[in-house]
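Data first, discussion second: the structure below is written as structure tokens.
Numbering (the working numbering), first residue to last: 6 to 394.
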């Protein structure tokens, strides 16, 4: 038995040895073939044959050496004419017309105009440009904001354009003293020779924070100063009172909660800043400052629909109920309020049982904005009649 096992083991060892020998021999044969092929390809016989092929073929398979420079260790073949020298590329003349490129047209109707980025367009544009300045309640949801700004820009039509420059956590005085404001004024100056420019300015939420050390008078002065600088740059400022918070409290046990007016001081200060700047402007000034009373309108609407319906507009937060910032649904609703206010709608709701006498573009003091902002009669009707939208 032991002898049989030893015999089997010896046979297996012999088989493994033969397999290794066969593999080594195969690799050696492959290496020999590869070396022979490579050396023959680079040799003179192969190059002589290739040089007799058509040029389109020989240029692909020939040597990498320059046409007039023989490869190292070789001599030119006297029976094969040298290839023609390549024509040098002529230096373009200063008077030569630039080459024409047949490229498909590229359109970016929703993008800010070239003037916004410092390069003014070459021709006059009849469409307006909107620049939205403010805090996170102006900033868009895609940039972690919670405001109405981006949704408002979606309402622009007929090639009207806009850019949202809202910044999360912004305070009026800090924004004014930042490069963002300087850059905004530069963009207004670059664009006004070619088109009308509107600049919305909305702050107030973060100004209330005691840590900012911003008094209500400082807030008012900052808004008035920004509006003046927009006017001086040739733009039309729109001072927007801050978006109302969806805060409620119960005054009487068992009674429905009532809305809390916790931005009233900022609303009135925004209005005073508007009145101050307006009084400084000539009667026939082409870019009178405007007041958009978003706080009064949004406060009235939130109070009408109540706590439960208004909470549907809250931006999601994992640890608290965010009654300041808007989700995408809320952005659509409150951007409609901003748009209607710009188009001349009063900041009050329509009394119950009555028809709204207002229609966009119907001799409203909207500075012609009804030509550039899309109407939405259904959503407008729900909002100004105090119904959940």
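For glycine and all other residues, C-beta sits at the position ideal for the given N, C-alpha and C. Keep in mind the model is a prediction, meaning the values are calculated, not measured.
- Whose C-alpha, out of 254, 334, 244 and 372, is nearest the C-alpha of residue 300? Nearest to residue 300 by alpha-carbon distance, out of 254, 334, 244 and 372, is 244.
- Task: Mind reading off the beta-carbon distance from residue 253 to residue 265? Whole number of angstroms is fine, and I expect it under 8 Å.
- Result: The C-beta separation of residue 253 from residue 265 comes to about 6 Å, placing the pair in contact by the 8 Å criterion.
- Query: Whose CA, out of 210, 349, 262 and 140, lies closest to the CA of residue 314?
  - Reply: That would be 262, whose Cα lies nearest to the Cα of residue 314.
- Query: Who are the Cβ neighbours of residue 305 in its own chain at under 7 Å, not counting the five residues just before and after it?
  - Reply: 353 and 354, listed in sequence order.
- residue 329 and residue 142: beta carbons closer than 8 Å? Yes, Cβ-Cβ distance for residue 329 and residue 142 is below 8 Å.
- Query: Tell me, which residues are paired with residue 263 by DSSP?
  - Reply: In DSSP, residue 263 forms a bridge with 254.
- On the three-state DSSP scale, how would you describe residue 70? Low per-residue confidence applies at residue 70: pLDDT is 35, beneath 50, and the placement is therefore not dependable, though the value from the model is reported in the following sentence. Here residue 70 sits in coil by DSSP.
- Using the beta-carbon count (16 or more within 10 Å), is residue 347 buried or exposed? Burial call: buried.
- Message: Let me make sure I understand the geometry here. Which of 221, 378, 373 and 201 has the alpha-carbon closest to that of residue 268?
- Response: If you compare the alpha carbons of 221, 378, 373 and 201 with that of residue 268, the shortest gap goes to 221.
- Query: If residue 197 and residue 239 are in contact, beta carbons under 8 Å, what's the gap, nearest whole angstrom?
  - Reply: Contact flag correct, Cβ pair sits at about 3 Å.
- Query: Measuring CB to CB, does residue 332 end up less than 8 Å from residue 318?
  - Reply: Yes.
- Message: Can you confirm whether the segment 144-151 touches the segment 178-188 when touching is taken to mean that 3 or more C-beta pairs between the two stretches lie within less than 8 Å?
- Response: Short answer: they don't touch.
- Task: Just the C-alpha distance for residue 165 and residue 307, rounded to the nearest angstrom, thanks.
- Result: Separation of residue 165 and residue 307 (C-alpha to C-alpha, rounded to the nearest whole angstrom) is 30 Å.
- Task: Within the same chain, show all residues whose beta-carbon is closer than 7 Å to that of residue 394, passing over the 5 residues directly before and after it, in chain order.
- Result: Shown here for residue 394: same chain residues with a beta carbon closer than 7 Å to its own, the five before and five after excluded, namely 338, 384, 387 and 388 in chain order.
- Report buried or exposed for residue 271, applying the criterion of at least 16 other Cβ atoms within 10 angstroms of its Cβ. By the C-beta density criterion, residue 271 is buried, having at least 16 other C-beta atoms within 10 angstroms.
- CB of residue 200 within 8 Å of CB of residue 132, strictly: Closer than 8 Å, so yes.
- Task: Let me know the secondary structure DSSP gives residue 211 once reduced to three states.
- Result: Residue 211 carries a helical assignment under DSSP once its states are collapsed to helix, strand and coil.
- Residues near residue 345 by beta carbon distance below 7 Å, same chain, minus five either side: A distance below 7 Å between beta-carbons, with the five flanking residues on each side excluded, links residue 345 to the following residues of its chain, in chain order: 385.
- 4-residue-minimum alpha helix (DSSP H) runs that sit fully inside the segment 160-192, ordered along the chain: You should have 177-181.
- Helix or strand or just coil, what does DSSP make of residue 370? It is coil, neither helix nor strand.
- Coarse secondary structure for residue 382, derived from DSSP in three states: The answer is helix: DSSP assigns residue 382 an H, G or I state.
- Cβ atoms of residue 136 and residue 192: under 8 Å apart, would you say? The beta carbons of residue 192 and residue 136 sit closer together than 8 Å.
- With 16 other CB atoms within 10 Å as the buried threshold, where does residue 163 fall? Exposed: under 16 other Cβ atoms inside 10 Å.
- Message: Using 8 Å as the threshold, is the C-beta distance between residue 171 and residue 214 below it?
- Response: No, the pair does not count as a contact, with Cβ atoms beyond the cut-off.
- Message: Please identify the residue among 203, 189, 229 and 249 whose C-alpha is closest to the C-alpha of residue 377.
- Response: Measuring from the Cα of residue 377, the nearest candidate turns out to be 203.
- Item | CB-CB length for residue 134 against residue 340, believed under 8 Å | The Cβ separation is near 17 Å, so there is no contact.
- Would DSSP call residue 240 helix, strand or coil? Coil at residue 240, not helix or strand.
- DSSP three-state call for residue 311: helix, strand or coil? Look at residue 311 here: in three-state DSSP terms it is helix.
- Extent of the continuous beta strand (DSSP E) run through residue 135: Per DSSP, residue 135 belongs to the beta strand (DSSP E) from 134-139.
- Query: For the candidate residues 250, 273 and 173, whose alpha-carbon lies nearest to that of residue 228?
  - Reply: Among 250, 273 and 173, the Cα nearest to that of residue 228 is on 273.
- Item | Cα-Cα separation between residue 175 and residue 207, rounded to whole angstroms | Near 10 Å, if we compare the C-alpha coordinates of residue 207 and residue 175.
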